[in-house]
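S.K.: Sharing a structure, written as structure tokens. Questions coming.
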Amino acid sequence: MQITAVRTFIAGNPWKNWLFAKVETDEGLYGIGEGTLNYFAKTIEAGFMNWRR
Numbered sequence: 062m063q064i065t066a067v068r069t070f071i072a073g074n075p076w077k078n079w080l081f082a083k084v085e086t087d088e089g090l091y092g093i094g095e096g097t098l099n100y101f102a103k104t105i106e107a108g109f110m111n112w113r114r
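Following this note's numbering, the numbering of the sequence shown begins with 62 at its first residue and continues without gaps.
In structure tokens, the structure reads:
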């Protein structure tokens, strides 16, 4: 089983943004996780994108 994609989604909220990540595999399985860190959603997203490479 190999990871084929890592996608991030930022959900806006008046008091902070939430970051969700979806990891997909070549077998059609996927997992969804939450990686929110107060006011640093874009920073966490950049980390996911760097890790994805």
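Ideal Cβ positions, reconstructed from N, Cα and C, are used throughout, including at glycine.
Computed from a prediction, not measured in an experiment: that's the story for all the values here.
In the DSSP output, what is Trp79 paired with across the bridge?
M.R.: Note: Trp79 sits in a beta bridge opposite Ala72.
S.K.: Short of 8 Å in beta carbon distance, which residues of its chain neighbour Thr104, apart from the five on each side in sequence? Order them along the chain.
M.R.: Around Thr104: Leu98.
S.K.: Report the three-state DSSP secondary structure of Thr104 (helix, strand or coil).
M.R.: Three-state result, Thr104: helix.
S.K.: So is Leu80 buried or exposed if we call it buried at 16+ other beta carbons inside 10 Å?
M.R.: Buried, because 16 or more other Cβ atoms sit within 10 Å of the Cβ of Leu80.
S.K.: Please report the distance separating the alpha-carbon of Lys83 from that of Val67.
M.R.: When rounded, the distance between both Cα atoms is 6 Å.
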